[in-house]
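Read the structure below first, then the notes.
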Amino acid sequence: MVSKLLFLADTHVPKRARQLPEQVWDAVAAAEVVFHAGDWVTADLLDELEQRSRRLIGVYGNNDGDDLRARLPEVAEAAVEGVRFAMIHETGAAKGREQRCAARFPGVDVLVFGHSHIPWDTTSPGGLRLLNPGSPTDRRRQPVCTYLTATADGGRLLDVKLVPVVQTSGGTQE
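The numbering used here applies: residue 488 is where the sequence shown begins, and numbers increase by one.
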């Protein structure tokens, strides 16, 4: 069975946006599994994503307070359609990231991370795929705000797409 996946990180609600853009909520509704790689900032967003997602997997980030840290792990691991995922907010410097993460997360197919707000999609020499969806609310040095979608099927991650968030009058592209 094919599962539609949505990858989010660094939403920083309400500091960078009052709420998630409607385009992101549409993507949440379309996904079987939503991953959030930390820096939620408010537990209200976690509550809403839990209510609106079919399945939510999340971790806390460096900007998340005690309330979120009490509810979310630093590292999450999950399998979806035979694909083994791990997720953490911060992976350290870009230089050497693939080798460092492959050593830290053996037996994982895909590592999802955030922190930089910079989209990332690489594969380590050993086959670990590293994904950072960027941020749907804070483009920080990037041309647009972003998130990732993909599908999982038969132990394979397919159709990974970086999706730009369309600017609305609410102004998430500041």
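Glycine residues also receive a C-beta, built at the ideal position from the N, C-alpha and C atoms.
query	result
For L493, the first and last residue of its enclosing beta strand (DSSP E)	490-495
Straight-line gap, T636 to A581 (C-alpha atoms, nearest Å)	22 Å
6 Å CB neighbourhood of V562 in its chain, flanking five on each side removed	I575
Helix, strand or coil at V647 according to DSSP, with G and I counted as helix	strand
Integer-rounded CB distance, given that V528 should sit under 8 Å from D551	7 Å
Backbone CA spacing between D534 and E585 [nearest angstrom]	33 Å
Sequence ranges, beta strand (DSSP E) only - wholly within the stretch 513-570, length at least 3	520-523, 543-545, 562-567
For A637, the three-state DSSP class (helix, strand or coil)	strand
The stretch 488-499 touching the stretch 626-642, judged by at least three CB pairs closer than 8 Å	yes
Buried/exposed call for G621, threshold 16 Cβ in 10 Å	buried
Bridge partner(s) assigned by DSSP for R616	V597, T610
V500 - partner residues in DSSP beta bridges	V528
Whether V595 touches L617 by CB criterion (8 Å)	no
Between the CA atoms of D646 and G667 - distance to the nearest angstrom	The chain is shown from 488 up to 661; residue 667 falls before or after that span and cannot be answered.
CB-CB length for L532 against T578, believed under 8 Å	In fact, because the Cβ distance is near 22 Å, the residues do not count as touching under 8 Å.
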